[in-house]
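> Here our numbering is used: the first residue of the sequence shown is -12, the next is one more, and so on. Every residue gets a Cβ at the ideal spot worked out from N, C-alpha and C, and that includes glycine. Here the structure is a predicted model, which is why all the values come from computation and not from measurement.
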Amino acid sequence: MAKATGTRTTATGDAKRTRSAAETEKIRVALVERRDELQDEYDTSISELTELQRDRFADSAGDDQADTGTKTFEREQEITLANNLLERITQVERAIDRLSAGNYGWCERCGNAIPVERLAAFPSATLCVSCKQLEERR
Ligand SMILES: [Zn+2]
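#1: Does any heavy atom of ligand 1 sit closer than 6 Å to the C-beta of Asn90?
#2: Would you say the beta carbon of Arg96 is closer than 6 Å to some non-hydrogen atom of ligand 1?
#3: Is the number of C-beta pairs between the stretch 30 to 47 and the stretch 61 to 78 that are closer than 8 Å three or more?
#4: Quick check: the Cα distance between Gln26 and Glu61, rounded to an integer number of angstroms?
#5: Let me check one thing: in DSSP terms, what residues is Ala100 bridge-paired to?
#6: Mapping the DSSP letters down to three states, classify Leu68 as helix, strand or coil.
#7: For the structure I just gave you, are there three or more beta carbon pairs, one from the stretch 14 to 26 and one from the stretch 103 to 114, closer than 8 Å?
#8: Please determine whether the Cβ atom of Asn99 lies at a distance below 6 Å from any heavy atom of ligand 1.
#9: Quick check: the Cα distance between Tyr29 and Leu72, rounded to an integer number of angstroms?
#10: Taking a contact to mean a Cβ-Cβ separation below 7 Å, would you say Val116 touches Lys13 in this structure?
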């Protein structure tokens, strides 16, 4: 019976997709720092929101229409900001999970490693800088 012979495995196949443990650790630290920063901003935003909410109930009786309008606007902006921060926190946390699973930080287009600095600044980055530039030029 004839057997297929093309089963030889190449040792270099996955070479691109290896990052040193030290580098993975560096990315993890950067991501965790980023998450903590965002968490702080989020907490601040929430306490400001609570403040605005309290103001609203405390002295809305004496407010004229314009005051109420401004406060509503401020509150809406604060809510948008808080939601935004929460979204970014979730992104960073997903990134940390994917990093643990070993499938984070690789360019989706060329498969090269995305630099640590870029990942720290944009945890949701899925392309390396040159691929991103190519993408934007189209
Ligand atoms: Zn790339």
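Here's the rundown:
#1: Residue 90 sits at position 103 when you count from the first residue of the sequence shown. Every heavy atom of ligand 1 is 6 Å or more from the Cβ of Asn90, so no.
#2: On the sequence shown, residue 96 is found 109 positions in, with the first residue counted as 1. Yes, the Cβ of Arg96 comes within 6 Å of a heavy atom of ligand 1.
#3: yes
#4: What you label residue 26 is simply residue 39 of the sequence shown in a count that begins at 1. What you label residue 61 is simply residue 74 of the sequence shown in a count that begins at 1. Straight-line Cα distance between these residues: approximately 21 Å.
#5: The residue given as residue 100 occupies position 113 in the sequence shown. Partner(s): Trp93.
#6: Taking the sequence shown and counting its residues from 1, one reaches residue 68 at position 81. Residue state, collapsed to three classes: helix.
#7: yes
#8: Residue mapping note: residue 99 aligns to position 112 of the sequence shown, counting from 1. The answer is yes for Asn99.
#9: Position 42 of the sequence shown, counted from the first residue, corresponds to residue 29. Position 85 of the sequence shown, counted from the first residue, corresponds to residue 72. Roughly 6 Å between the two C-alpha positions.
#10: As a working mapping, residue 116 is identified with position 129 in the sequence shown. As a working mapping, residue 13 is identified with position 26 in the sequence shown. No.
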